[in-house]
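Peer 1: Residue numbers (the working numbering), protein chains in the order written: chain A, 427 to 570; chain B, 74 to 432.
Every residue, glycine too, gets a C-beta built ideally from N, C-alpha and C.
1. Report yes or no: do the segment 511-530 of chain A and the segment 550-566 of chain A share at least 3 C-beta pairs separated by less than 8 Å?
2. Would you say residue 424 of chain B faces chain A, with C-beta separation under 9 Å as the test?
3. Let's test the definition: count the other Cβ atoms within 10 Å of the Cβ of residue 283 of chain B and tell me whether it reaches 16, buried, or not, exposed.
4. Indicate the three-state DSSP secondary structure (helix, strand or coil) for residue 496 of chain A in the structure shown.
5. What residues match up with residue 81 of chain B in a beta bridge as DSSP calls it?
6. If you run the structure through DSSP and keep just helix, strand and coil, what is residue 108 of chain B?
7. At the level of alpha carbons, what is the spacing between residue 468 of chain A and residue 428 of chain B?
8. I'd like to know if residue 193 of chain B contacts chain A, where contact means its C-beta is closer than 9 Å to some C-beta of that chain.
9. When the cut-off is 9 Å and only beta carbons count, does residue 448 of chain A lie next to chain B?
10. What residues from the segment 121-132 of chain B come within 7 Å of chain A, judged by C-beta to C-beta, listed N to C?
11. Could you give the distance in angstroms between the alpha-carbon of residue 477 of chain A and the alpha-carbon of residue 200 of chain B?
12. Do the segment 382-389 of chain B and the segment 184-203 of chain B make contact, defined as three or more Cβ pairs closer than 8 Å?
13. Using 10 angstroms around the beta-carbon of residue 212 of chain B, count the other beta-carbons present and answer buried if the total reaches 16, otherwise exposed.
14. Listing by chain order, which chain A residues have their CB less than 9 Å from the CB of residue 202 of chain B?
15. Taking the alpha-carbon positions, what's the residue 464 of chain A to residue 196 of chain B distance?
16. Enumerate, from N- to C-terminal direction, the unbroken alpha helix (DSSP H) stretches of 4 or more residues contained entirely within the segment 365-428 of chain B.
17. In the structure shown, what three-state DSSP assignment does residue 481 of chain A receive?
18. Would you call the segment 119-137 of chain B and the segment 263-278 of chain B touching, i.e. three or more CB-CB distances under 8 Å?
19. Please report how far the alpha carbon of residue 168 of chain B lies from the alpha carbon of residue 344 of chain B, in whole angstroms.
20. What do you reckon, are the CB atoms on residue 114 of chain B and residue 91 of chain B nearer than 9 Å?
21. Which residue spans inside the segment 143-198 of chain B form an unbroken alpha helix (DSSP H) run of at least 4?
22. Does the beta-carbon distance from residue 508 of chain A to residue 548 of chain A come in below 9 Å?
23. Can you look up residue 467 of chain A in the DSSP assignment and give me helix, strand or coil?
24. Suppose you measure from the CA of residue 237 of chain B to the CA of residue 369 of chain B; what does that come to, to the nearest Å?
25. Is the segment 353-360 of chain B in contact with the segment 326-344 of chain B, if contact means three or more CB pairs nearer than 8 Å?
26. What does residue 483 of chain B touch in chain A if you count any residue whose Cβ is under 9 Å from its own?
27. Can you tell which of A:544, A:519, A:497 has its C-alpha closest to the C-alpha of residue 511 of chain A?
28. According to the neighbour-count rule (16 or more other Cβ atoms, all chains shown, within 10 Å of its Cβ), is residue 80 of chain B buried or exposed?
29. Given that residue 462 of chain A touches chain B, what residues does it touch there, using C-beta distances under 8 Å?
30. Using beta carbons (cut-off 9 Å, strictly below), is residue 474 of chain A in contact with chain D?
31. What residue range does the alpha helix (DSSP H) around residue 526 of chain A cover?
32. Going by alpha carbons, who is nearest to residue 410 of chain B out of B:85, B:84, B:97?
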């Protein structure tokens, strides 16, 4: 991974996760893992965010919310699906109101495996996401 | 007098990691009415019993909620064991108590951290979660998972604990206890924290009973009710008294949870000392036929599992009444009449677990 000039901020939304991945995402922010050392801050405002971290599968009720947050984020943006449910639907894929993974709704750049995804894996995924973000910046500047 | 207005709270809100939507009806800064709408985390897990057989469903039951996953697995397995008349070995029931009490400590520390975050005490949040990691490391060594354990199975538990790990459990508790005492003194004595919690969201004893509150919410209002006293798993052989408080405000709920952390540490020590030798799982065959209500005390309160089998490997019905669902009427009661600025902290004092509630 090369040096990235900006400090990317991320927004976390719990799709329909069981909390397992959510508390691991929060654990990434706290002293033992401390994702802030990469300049990454968890923000509550979609308009401040570069990275969209989603845990849990998409269902009928929350798809509007996910689309709403995604469309409010400024370009370029990166979507990271954290955990088995966000990647493919996971254990609840057969549920009657589950549409499947997040990629059924919006384009996903990085998939983080695991049920629940471990903090190390989530940090690794976010760092991979930074690379994607940097490429998107470069492509955007080329077009100009 | 200004006009009434409605402020939406959630589903994506910085203070809650989970989505819940509340329409807050305001008169000036006072909340006069609250309309909750839920369903953002609904996955239809109860209906999945039609697609996954009763052995596979243990894994689904654990994923109803990632915070109290150990006890969800335990509640489901207890119900099946009672239907099929499986007697679980003594060692397994003591190991279940150790796992469940560690989950309670990790859940209460998690709640204390989120509570500190809700009133803007960021460093306290970080400090609390740092202590929680020691519990997670120990759980990982015991069961193989950090938050989802898949350790309880029908008939017993999957993994035994050896003597070196048992002495490590005692060492970690010895190390952790003074550290938790240190942060709990901040919660109980710091003037900043007391200003935000004392006298906020008072739930009287009568209200708690008539609204059907459970768990720390009920015990903080002075009702002595703890499902562990029913004596499931090995609780009948352990010595403890439910922790109650009389004030009924947010501070009392915080106090009850802090005391329960120390109570859980004591229960783990007792269970480790009394751990019998022997097998960790009982063999069984056949399919469940019959029905059973299984009741457990989770960190958030009483959970009820209803399981009905029909003699095939697919169950007829599985129903969970989760503690957060039972506490929602009490939450709406305490929210009415509070200040808008107190809404996040009041929502947190019931220790909401939305993924349990909506399944």
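Peer 2: According to the data block:
1. no
2. no
3. exposed
4. helix
5. B:96
6. strand
7. 21 Å
8. no
9. yes
10. 121, 124, 132
11. 26 Å
12. no
13. buried
14. 452, 453, 455, 456, 457, 458
15. 19 Å
16. 396-408, 416-422
17. strand
18. no
19. 8 Å
20. yes
21. 163-191
22. yes
23. strand
24. 30 Å
25. no
26. Nothing in the structure corresponds to residue 483 of chain B, since chain B is present only between 74 and 432.
27. A:519
28. exposed
29. Within 8 Å Cβ-Cβ: nothing; residue 462 of chain A doesn't reach chain B, min ~10 Å.
30. Among the protein chains of the structure shown, namely A and B, there is no chain D.
31. Here residue 526 of chain A belongs to no alpha helix (DSSP H); instead the beta strand (DSSP E) covers 524-526.
32. B:97
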